[in-house]
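Down below is the structure, laid out as structure tokens.
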Ligand SMILES: Nc1ncnc2c1ncn2[C@@H]1O[C@H](COP(=O)(O)OP(=O)(O)O)[C@@H](O)[C@H]1O
Ligand SMILES: [Mg+2]
């Protein structure tokens, strides 16, 4: 550095005009900071409102009102030779009669509706599992039906006129008697995770949807991960740079921006229309989701491969490694964390995707969980869609609860991606 | 050829009319040079004049660059290295390379050195490999510093140690020629002195070709110097003569600091 010529005028930093400029600059910076904080605050407020409203409406679905009762299993109703074919409806009626001796035959139909429609099957299953119960008494905790569940959770206002209420004064009185007798409990709603879908809200659960989503994601991963990495490696490391590969590249970027419903239509036409693959199957759902995830994985993989410093490639090439040894021995392992992160984010997107699954029929009403990827199934987002569409009050809370479960999985997956990236972050 | 060391002076590499184009950029013009074995040959010249480009012709690293075209005739021990039957992968085991920025693999020190012998199948078993690794690290003058932590990652070493590790790694495939592209430009003066000492040692066994932007370094470690300017080889000869009595005015301008 040479000294500046002596004649250069000194800057007078005390000059009021300069001081004003400086002040204005600081003010601008402050304003920008405040704006940034405000927008961040707004984003967080939205997120909070969303989660709070979901939690407020959904938390009630995580518990379920149950009644613990003694069921009299008489040999008259259940033949010990064939316990499966017993008259369990009658068992229920007689057992309720024992609790409410004053209720007549006609009212019995009404009274029986306190218990969930599933109660008779639960009693049956218990008896089939242990036939020695026949002739004795079985104490069992069964869910109450949805209106009584709502009553217990305070969703039914006792002060509204009887004609506008879903439960009559008499029905409420019955329930209160059970409650006073200490027979009512509200434990954690295991059925939400252990049951498949049902017409009755108190029995409906997410098991079918969870398995459906699992199979669909598994198929999606098995297809899109190897294909995506293979395509990305070829494009990034081996493809000649010509017009043809340019076109491929542009189209992959375009594919990532195609609305998911279009992939659904494509799957409907090709997978179901041409290949006659089964409708509603998680396998087809997974293939459809793979179409969408593929561009995401290809783009993430290429970015991760590009991020590997060229010095590593040069080092290996300079030692006489072949192109293939450089890619598989050095570049790919170093790019793996980035690839996995991109893959998890792609799968998380696929997990929440609804439209393409609706088009291939994964929104069917299916009351048993799928045992393989080829059986009809629903998925978490389509199950939410079905429940949100159901009129029963009990499904409203379950919809929110299902959304919370889905969000839980999404947050877990994204967290896994962040942790993975942190763990494998490397300095060269 | 005037002998400088015993066994020195035989021509190891001879290049004739080498032209290199990067797309439309004519980066090397008509370079012809004979490089002697068991000596250090320095390439000097202003940056962008094609020193690295020429160095990379000698182990065909330019093959890996899209749009790079090499013409002319380059012979290693009289054998055309651009002949169709020559496998560049094999050539690079015979002509090792050390880069400007130390670039150890993010693996253990042992695995760094063992990588070359492994991919070329130079060791029959583990004990042979151990032997190659130790010998290479010793010749790279870094054995004493790392012998107790061969499992530590190569990237955990200091810059100068990393560069010596890279030299050891290049030596491990028993090359005949060592190409070094500004091997000290990312290092501090002490590490630089260690590497220079090592290079002086290495010339007993290898034909060493070194690119440098430091004329003092060229004067200190090389026996021959080639001066490149704008893609042309301007002058080539005894280092002492180039620095004290250059025959081309461009060389003189560069050495006296008027270009570069
Ligand atoms: N990979 C490349 N692609 C295109 N042009 C290159 C590449 N490498 C070098 N060049 C060009 O070749 C010329 C010589 O470069 P280089 O050999 O790196 O010079 P030096 O090592 O002497 O500084 C420069 O004009 C440079 O721009
Ligand atoms: Mg260079």
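Protein chains in written order, with the working numbering: chain W, 136 to 563; chain E, 58 to 317.
Beta carbons are placed, not taken as given, at the ideal position from N, Cα and C, and that holds for glycine.
Since this is a predicted model, take the numbers as computed values, not measurements.
Under 5 Å, CB to nearest heavy atom of ligand 1: contacting residues: 79/E, 84/E, 104/E, 105/E, 106/E, 107/E, 108/E, 109/E, 110/E, 122/E
For residue 460/W, would you say it is in contact with chain E, using Cβ-to-Cβ distances shorter than 7 Å as the test? The count along the first chain starts at 1 and reaches residue 460/W at position 325. Answer yes: the Cβ-Cβ gap between residue 460/W and chain E drops below 7 Å somewhere.
C-alpha distance - residue 158/W paired with residue 171/W, whole-angstrom precision: The residue labelled residue 158/W in the question sits at position 23 within the first chain. The residue labelled residue 171/W in the question sits at position 36 within the first chain. If I take the Cα positions, the gap works out to 20 Å.
Is the separation between the beta-carbon of residue 189/W and that of residue 539/W shorter than 7 Å? Locating residue 189/W in the first chain gives position 54, counting from the first residue. Locating residue 539/W in the first chain gives position 404, counting from the first residue. Cβ atoms of residue 189/W and residue 539/W: closer than 7 Å.
Suppose you measure from the CA of residue 493/W to the CA of residue 420/W; what does that come to, to the nearest Å? In the first chain, the residue the question calls residue 493/W occupies position 358. In the first chain, the residue the question calls residue 420/W occupies position 285. Rounded to whole angstroms, residue 493/W to residue 420/W spans 9 Å at the Cα level.
Using a C-beta cutoff of 7 Å, does residue 136/W count as contacting chain E? The count along the first chain starts at 1 and reaches residue 136/W at position 1. With a pLDDT of 45 at residue 136/W, under the threshold of 50, the modelled position of that residue is not reliable, and the figure given next carries that caveat. Residue 136/W does not count as touching chain E.
Any chain W beta carbon closer than 7 Å to residue 146/E: For the purposes of this step, residue 146/E is taken as the residue at position 89 of the second chain. Taking Cβ atoms only, chain W reaches closer than 7 Å to residue 146/E, which makes this a yes.
Using a Cβ-Cβ cut-off of less than 8 Å, give me the residues of the stretch 111-135 of chain E that come near chain W, in sequence order. 116, 118, 121, 123
At a CB-CB cut-off below 7 Å, which residues of chain W make contact with residue 172/E? In the second chain, residue 172/E corresponds to position 115, counting from 1. What residue 172/E touches in chain W: 454.
Anticipated Cβ contact below 8 Å, residue 87/E with residue 273/E, distance rounded: For the purposes of this step, residue 87/E is taken as residue 30 along the second chain, with counting starting at 1. For the purposes of this step, residue 273/E is taken as residue 216 along the second chain, with counting starting at 1. Between residue 273/E and residue 87/E the Cβ distance is about 29 Å, and since that is not below 8 Å, they are no contact.
State the DSSP-derived secondary structure class of residue 248/W, mapped to helix, strand or coil. For the purposes of this step, residue 248/W is identified with residue 113 of the first chain, where counting begins at 1. Residue state, collapsed to three classes: coil.
My guess is that residue 99/E and residue 267/E are in contact by the Cβ rule of under 8 Å, so how many angstroms apart are they, rounded? The residue labelled residue 99/E in the question sits at position 42 within the second chain. The residue labelled residue 267/E in the question sits at position 210 within the second chain. Going by Cβ atoms, the distance from residue 99/E to residue 267/E rounds to 5 Å, so yes, they are a contact pair.
Taking Cβ positions only, does residue 180/E come closer than 7 Å to chain W? Position 123 of the second chain, counted from the first residue, corresponds to residue 180/E. Judged by the 7 Å Cβ criterion, residue 180/E is not in contact with chain W.
Here's a check: name, in chain order, each residue in its chain whose Cβ is nearer than 6 Å to the Cβ of residue 133/E, leaving out the five neighbours to either side. Along the second chain, read from residue 1 onward, the residue named residue 133/E stands at position 76. Cβ within range, chain order: 70.
Does residue 156/E come within less than 7 Å of chain W when only Cβ atoms are used? What you label residue 156/E is simply residue 99 of the second chain in a count that begins at 1. It does; some Cβ of chain W falls within 7 Å.
Measuring only the C-alpha atoms, how far is residue 143/E from residue 363/W? In the second chain, residue 143/E corresponds to position 86, counting from 1. In the first chain, residue 363/W corresponds to position 228, counting from 1. Cα to Cα, residue 143/E sits roughly 35 Å from residue 363/W.
Quick one: give me the first and last residue of the alpha helix (DSSP H) that residue 472/W is part of. Walking along the first chain from the start, residue 472/W turns up at place 337. It spans 467-487 - the alpha helix (DSSP H) in which residue 472/W sits, taken as one unbroken run.
Are residue 395/W and residue 491/W closer than 7 Å when you measure CB to CB? Taking the first residue of the first chain as 1, we reach residue 395/W at position 260. Taking the first residue of the first chain as 1, we reach residue 491/W at position 356. Cβ distance < 7 Å, so residue 395/W and residue 491/W count as in contact.
Taking contact to mean 3 or more Cβ pairs, one atom from each stretch, closer than 8 Å, check whether the stretch 373-383 of chain W and the stretch 443-453 of chain W are in contact. no
Please tell me whether residue 559/W has its Cβ less than 7 Å away from any Cβ of chain E. Within the first chain, the letter at position 424 stands for residue 559/W. For residue 559/W, the answer is no, since every Cβ of chain E falls outside 7 Å of its Cβ.
Count the other C-beta atoms from every protein chain shown that fall within 10 angstroms of the C-beta of residue 185/E, then say buried if there are 16 or more, exposed otherwise. Position 128 of the second chain holds residue 185/E. By the neighbour-count rule (16 or more Cβ atoms within 10 Å), residue 185/E is not buried but exposed.
Extent of the continuous alpha helix (DSSP H) run through residue 398/W: Position 263 of the first chain, counting from 1, holds the residue named residue 398/W. Per DSSP, residue 398/W belongs to the alpha helix (DSSP H) from 395-402.
Which residues of chain E have a Cβ atom closer than 9 Å to the Cβ of residue 374/W, listed in chain order? The sequence position of residue 374/W within the first chain is 239, counting from 1. Result: empty, since nearest Cβ-Cβ is about 11 Å, beyond 9 Å.
With 7 Å as the limit, tell me which residues of the stretch 437-450 of chain W have their beta carbon closer than that to any beta carbon of chain E; keep them in chain order. 446, 447, 449, 450
Minimum C-alpha distance to residue 66/E - residue among 291/E, 293/E, 280/E, 300/E: The residue labelled residue 66/E in the question sits at position 9 within the second chain. Nearest C-alpha to residue 66/E: 280/E.
Bridge partner(s) assigned by DSSP for residue 591/W: The requested residue 591/W does not occur in the structure, where chain W is confined to residues 136 to 563.
Among 231/E, 220/E, 230/E, which one has its Cα closest to the Cα of residue 247/E? The residue given as residue 247/E occupies position 190 in the second chain. It is 220/E whose Cα lies nearest to the Cα of residue 247/E.
Thinking C-beta only, is residue 124/E closer than 7 Å to residue 153/E? The residue given as residue 153/E occupies position 96 in the second chain. The residue given as residue 124/E occupies position 67 in the second chain. No, the Cβ-Cβ distance between residue 153/E and residue 124/E is not below 7 Å.
Suppose you measure from the CA of residue 545/W to the CA of residue 485/W; what does that come to, to the nearest Å? Against the first chain, residue 545/W aligns to sequence position 410. Against the first chain, residue 485/W aligns to sequence position 350. Roughly 10 Å separates the two Cα atoms.
Quick one: is residue 317/W buried, meaning 16 or more other Cβ sit within 10 Å of its Cβ, or exposed? Looking up residue 317/W in the first chain gives position 182. Classification for residue 317/W: exposed.
Along the alpha helix (DSSP H) that carries residue 381/W, what are the first and last residues, could you check? As a first step, residue 381/W is located in the first chain; it is residue number 246 there, counting from the start. First-last of the alpha helix (DSSP H) with residue 381/W: 378-390.
Could you give the DSSP three-state label for residue 114/E: helix, strand or coil? Position 57 of the second chain, counting from 1, holds the residue named residue 114/E. Three-state result, residue 114/E: helix.
I'd like to check one pair, residue 208/W with residue 277/W: are the Cβ atoms closer than 7 Å? For the purposes of this step, residue 277/W is identified with residue 142 of the first chain, where counting begins at 1. For the purposes of this step, residue 208/W is identified with residue 73 of the first chain, where counting begins at 1. No, Cβ-Cβ distance for residue 277/W and residue 208/W is not below 7 Å.
With 7 Å as the threshold, decide whether the Cβ of residue 150/E is near any Cβ in chain W. The residue given as residue 150/E occupies position 93 in the second chain. So, interface residue.
Measuring only between beta-carbons, confirm whether residue 302/E sits less than 7 Å from chain W. For the purposes of this step, residue 302/E is taken as residue 245 along the second chain, with counting starting at 1. Taking Cβ atoms only, chain W never reaches closer than 7 Å to residue 302/E, which makes this a no.
Under 7 Å by beta carbon: chain W residues contacting residue 230/E: Translated into positions along the second chain, residue 230/E becomes position 173. Neighbours of residue 230/E on chain W, chain order: 454, 455.
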